[in-house]
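With the first letter of the sequence shown counted as 1, position 168 gets the number 168 in full-length UniProt numbering; the numbers rise by one all the way through.
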Amino acid sequence: MQIKPLTCSIGAELRDVSIADVAKDDALFAEIKALLLKHRVLFFRDQDITRADHVAFASRFGDLEDHPVANTVPGYPGLIEIYKSEKRDHFENTYHSDASWRANPPKGAVLRCISCPEVGGDTIWVNMVEAYKNLPDDIKAKIEGLRAKHGIEHSFGAVMTTEEREELVRKYPLVDHPVVRTHPETGEKILYVGPFSTHFINYHTPENVRFGQDKTPGASLLLNYLISQAAIPEYQVRFKWEPGSVAIWDNIATQHYAVSDYWPAPRRMERATISGDRPF
Ligand code: SIN
1 MQIKPLTCSI GAELRDVSIA DVAKDDALFA EIKALLLKHR VLFFRDQDIT
51 RADHVAFASR FGDLEDHPVA NTVPGYPGLI EIYKSEKRDH FENTYHSDAS
101 WRANPPKGAV LRCISCPEVG GDTIWVNMVE AYKNLPDDIK AKIEGLRAKH
151 GIEHSFGAVM TTEEREELVR KYPLVDHPVV RTHPETGEKI LYVGPFSTHF
201 INYHTPENVR FGQDKTPGAS LLLNYLISQA AIPEYQVRFK WEPGSVAIWD
251 NIATQHYAVS DYWPAPRRME RATISGDRPF
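Structure follows, in structure tokens:
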């Protein structure tokens with residue numbers, strides 16, 4: 001297997017390996033898992049695999065989960081369709097860590113390209129360990145111990161009826177997570193806010209808030225500043241898809257952005273999502 005890092009910060013392409021072999025080869029699995037923790041996102045080209053192989057590869061890393069809004073591929077629990085047709089349904093995207101609105105957000109995902117446009121439709125991943133590391137010290141001090149709520153309502157719920165949205169929120173109420181979480185396997189600190197984050201829950205203290213304008217606007221400015229860090233190119237890798245390309249990412253240490261520049265061309269992907277634990 002050849003390992004080709006793609007940037008100085010994040011992402012490596014693994015060559016001369018089939019992810020179908022990982023299901024039955026413990027040493028290969030251990031090597032790929034270590035590379036994933038190091039590079040945060042790994043890419044494989046020309047994978048001539050089945051859906052069962054895709055699910056088996058992802059399942060080596062943990063249990064798989066479906067998504068309350070995305071369609072599950074019939075017969076393959078844990079595998080969802082990400083399909084943009086020739087219709088005007090290309091309305092993504094934001095930098096995000098998948099499903100941070102869950103109490104136990106996924107720890108990873110494996111995305112396979114079924115078909116994609118000749119040009120466009122790339123995905124960008126961001127190293128959120130680097131994003132945390134490079135924050136100014138005064139910001140690091142300010143956000144230590146801070147917690148933010150994360151919700152599904154204002155993203156996936158936005159195109160629903162009121163009744164549907166209320167049902168979604170009953171099933172997935174706001175959850176709060178640390179703004180700086182710790183990686184359960186590497187111990188690294190990670191900046192963990194994104195577009196699903198709605199507000200801080202413990203910002204309104206005498207140190208932070210002197211007068212009214214410091215409260216909601218002050219907290220929002222800080223939250224937006226933190227969210228904006230994911231857009232810094234030095235923390236990013238950008239991947240050009242081909243049919244048969246596969247990416248696996250650490251959803252704790254990264255965010256990603258599916259670039260929506262290819263309408264009216266269609267794009268069809270399938271994603272296996274690996275369940276995670278409560279952030280700390
Ligand atoms: C996702 O957000 O998990 C999908 C990324 C993509 O379609 O490139």
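Virtual Cβ for every residue (Gly too), placed ideally from N, Cα, C.
For residue 83, DSSP records a beta bridge to 268. Between the C-alpha atoms of residue 98 and residue 197 there is a straight-line separation of about 12 Å. Apart from the 5 residues on each side of it in sequence, residue 101 sits with its Cβ closer than 7 Å to the Cβ of 150, 151, 152, 172, 175, 196 in its chain, given in chain order. Secondary-structure assignment with DSSP links residue 115 through a beta bridge to 268. Burial is judged here by how many other beta carbons sit within 10 angstroms of a residue's own beta carbon; residue 224 has fewer than 16 and is exposed. By alpha-carbon distance to residue 201, the top candidate from 141, 54, 219 is 219. For residue 67, the shortest C-beta to heavy atom distance toward the ligand SIN is 7 Å or greater. Bounds of any beta strand (DSSP E) do not take in residue 234, whose DSSP letter is neither H nor E.
Per DSSP, the beta-bridge partners of residue 199 are 149. According to DSSP, residue 249 shares a beta bridge with 41, 109. Of all alpha-carbon atoms in 22, 265, 49, the one lying nearest the alpha-carbon of residue 120 is that of 265.
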